[in-house]
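Take a look at the structure set out below.
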Amino acid sequence: MNRTEQILKIAEKKGIIQANDIEVLGIARNYLYKLCKEGLLIKVARGMYMLPDAPITENRNLVEIAKRIPNAVVCLISALSFHEITTQIPHEIWIAVPRDTWRPNIDYPPLHYTVLTDAVYDFGIQEVDINGIVIKVYSPAKTVADCFKFRNTVGLDVAIESLKEAWRSHKVSMDELVEAAKINRVSKIMRPYLEAIV
């Protein structure tokens with residue numbers, strides 16, 4: 001198998017390929033540029049390539065962000081959409097990062113950064129494998145509690161809708177919601193809504 005075939009096979013398997021994916025095999029990164037010029041790969045973002053006929057999935061942008069910002073966690077509207085507990089359509093990717101973290105300026109996809117303290121950031125992270133890339137996303141309960149914490153940003157109606165939908169679809173338990181509310185310090189705010197759904 002020649003180098004071109006190796007690179008194309010990796011791109012087919014992973015969906016999105018970066019220079020370090022081929023450098024571990026002893027292949028120079030300039031092969032990526034060469035394959036782009038030949039039309040065998042397309043550049044989707046700085047340092048990221050894919051096959052031109054690769055299917056575009058709704059999670060492709062999440063994969064790109066996971067590769068570019070390893071400590072980013074999908075949160076708020078994007079996490080609600082990922083867990084299918086909202087009618088909202090995110091027009092940007094909402095990600096959480098810990099305080100004192102470098103936040104790169106990325107043109108595409110559009111990002112909405114949420115900066116969290118370490119305790120709030122670390123709680124409720126789930127790791128999901130998409131095409132061999134691990135994406136961090138907050139659990140449904142943590143996402144609902146985050147919506148109440150950031151209700152002035154996302155809207156109280158979105159927070160209430162997410163709570164009702166997560167409960168109706170059995171994606172959260174009362175214990176998970178109470179624990180997430182406690183971590184986010186929104187127990188008093190969420191209490192009347194929690195009492196209303198049981």
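Per this note's numbering, the sequence shown starts with residue 1, numbered consecutively. Think of the CB as a built atom: it goes at the ideal place given N, C-alpha and C, for glycine as much as any other residue.
Residues of its chain near residue i, where Cβ-Cβ distance is below 6 Å and the 5 sequence neighbours each way are ignored
i      : result
Thr114 : Cys75 and Ala96
Ile27  : Arg3
Pro90  : Ile77, Ser78 and Ser81
Ala166 : Ile85, Pro140, Val144 and Val172
Ile197 : Trp167
Trp94  : Cys75, Leu76, Ile77, Ser78 and His112
Backbone secondary structure at residue i - three-state DSSP
i      : result
Lys188 : helix
Trp94  : strand
Lys136 : strand
Tyr108 : coil
Thr143 : helix
Ile27  : coil
Val63  : helix
Met1   : coil
Ile17  : strand
Val172 : coil
Ile10  : helix
Ile85  : coil
Phe150 : coil
Own chain, CB closer than 8 Å to residue i, minus 5 neighbours either side, in chain order
i      : result
Leu279 : Lying before the first or after the last residue shown, residue 279 is absent from the chain, which here runs from 1 to 198.
Val178 : Ser187 and Leu194
Pro110 : His91, Glu92 and Ile93
Rounded Cβ spacing between residue i and residue j (contact assumed at less than 8 Å)
i      : j      : result
Thr86  : Val158 : 7 Å
Ala45  : Glu64  : 6 Å
Thr101 : Asn71  : 6 Å
Same chain, Cβ closer than 7 Å to residue i, neighbours up to 5 away in sequence not counted
i      : result
Lys149 : Asn184 and Val186
Tyr193 : Ile160 and Leu163
Arg103 : Val97 and Tyr113
His83  : Pro140, Thr143 and Lys171
Val120 : Ile183 and Asn184
Leu25  : Gln6
Per DSSP, cross-strand counterpart(s) of residue i
i      : result
Asp129 : Val134
Val201 : Nothing can be reported for residue 201, as the shown portion of the chain is limited to 1 through 198.
Tyr113 : Ile95
Ala54  : None; Ala54 has no bridge partner.
Met48  : Ala45
Beta-carbon spacing of residue i, residue j below 8 Å
i      : j      : result
Val137 : Val73  : yes
Ala181 : Met174 : no
Ile246 : Leu62  : The requested residue 246 is not part of the displayed model; the chain covers only 1 to 198.
Asn131 : Gly47  : no
Leu32  : Ala19  : yes
Arg68  : Ile106 : yes
Ala66  : Ile133 : yes
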